[in-house]
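Worksheet: one structure, shown below.
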Amino acid sequence: MSSTFFKPLPTYLAKRYRGWKATTFDENKGWYQRLVEVGQHPRFMVISCCDSRVRITSIFGADSGEFFIHRNIANLVPPFKKDVEDYGTSAAIEYAVTGLRVSNIIVLGHSNCGGIKNIFPHFSNPGHADCDETIFIGKWLEILRPGFERIPKLKQTDENLKNLEKQAVVVSLENLLSFPFVREALERETLSLHGLWHNIKSGELFYLNQESGNFEHV
Ligand SMILES: [Zn+2]
30 MSSTFFKPLP TYLAKRYRGW KATTFDENKG WYQRLVEVGQ HPRFMVISCC
80 DSRVRITSIF GADSGEFFIH RNIANLVPPF KKDVEDYGTS AAIEYAVTGL
130 RVSNIIVLGH SNCGGIKNIF PHFSNPGHAD CDETIFIGKW LEILRPGFER
180 IPKLKQTDEN LKNLEKQAVV VSLENLLSFP FVREALERET LSLHGLWHNI
230 KSGELFYLNQ ESGNFEHV
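The sequence shown runs contiguously to residue 247 in the numbering used here.
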């Protein structure tokens, strides 16, 4: 390789790491040692967006070993399908449920989601150029189309973007039900599913009430 693409860590990050190692890590060495000896036994799997403003472990004050986290664009779960190539999310769910035997899966949506904002005009007008210019993003967000069909007003307003962000949670929960091993765990009552939507600006957290079909304050 003629050019050097792989560089050392930027200095400010190396500094931050050393600070963590000298404080948080060194003060809790026993805990980290135990995590290696007994392995990980998280009770929660969290599926959230890649968005850097969604700080799952901070919101719940979670420590190492507590959350098994999978992040993707717009916190989407694809429907269960065998023989597909893009199976990263499905593989994470399979391991969480059949390997780690988590007792809860949380799908965490959020406000001001760039992925949702990007796909909205594309859903309204399939000829819209934004998503056609991407190789992967537009195709990935197609998972959300059934959610868009359920939004009563097709105009792009803040309210409708929020509705679509919440639909990303609903569609993902529905798609989770299409995984046979998720179904089995739900029927055995060893697993629960939870839908959440987080407002980044106000810090509010809402949960999906299955009976009312609404997102209500936590
Ligand atoms: Zn997002």
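Ideal Cβ positions, reconstructed from N, Cα and C, are used throughout, including at glycine.
Quick one, which of the options has its alpha-carbon nearest residue i's?
i      : options                          : result
Gly138 : Gly48, Gly242 and Gly224         : Gly224
Glu162 : Arg174, Leu129 and Ile148        : Ile148
Val200 : Val67, Glu114, Val136 and Phe97  : Val136
Ser266 : Val113, Lys191, Glu95 and Gly232 : Not covered by the structure: residue 266. The range shown for the chain is 30 to 247.
Glu213 : Gly48, Lys195 and Thr127         : Thr127
Asp92  : His246, Pro37 and Phe54          : Phe54
Cys142 : Phe165, Lys191 and Ile85         : Lys191
Arg174 : Leu206, Phe35, Lys195 and Thr219 : Lys195
Glu123 : Glu188, Pro209, Asp187 and Trp60 : Pro209
Gln69  : Glu218, Lys50, Leu129 and Thr52  : Leu129
Phe165 : Glu114, Asn204 and Asp187        : Glu114
Look at residue i and residue j and say whether their C-beta atoms are less than 8 angstroms apart.
i      : j      : result
His151 : Gly167 : yes
Arg172 : Pro107 : The residue you asked about is not Arg; residue 172 is Ile in the sequence shown. Yes.
Leu202 : Leu170 : no
Leu193 : Ile145 : yes
Ile76  : Ile134 : yes
Leu234 : Val247 : yes
Ile98  : His227 : no
Ala197 : Asn57  : no
Phe109 : Ser241 : no
Ala125 : Met74  : yes
Gln185 : Ser153 : yes
Looking only at its own chain, which residues have a Cβ that is under 7 angstroms from the Cβ of residue i, when we skip the five neighbours before and after it?
i      : result
Asn101 : Cys79 and Thr118
Arg179 : Gln196
Using C-beta distances below 8 angstroms, list every residue in its chain close to residue i, excluding the 5 sequence neighbours before and after it, in chain order.
i      : result
Leu38  : Tyr46
Leu205 : Val106, Ile122, Ile134, Val136, Val211 and Leu222
Ala43  : Pro37
Leu220 : Val126, Val131, Ser132, Asn133, Ile134, Val211 and Ala214
Thr40  : none
Kindly list the residues whose CB is nearer than 6 angstroms to the CB of residue i, restricted to its own chain and excluding five residues on each side of it in sequence; keep chain order.
i     : result
Val83 : Ser77 and His139
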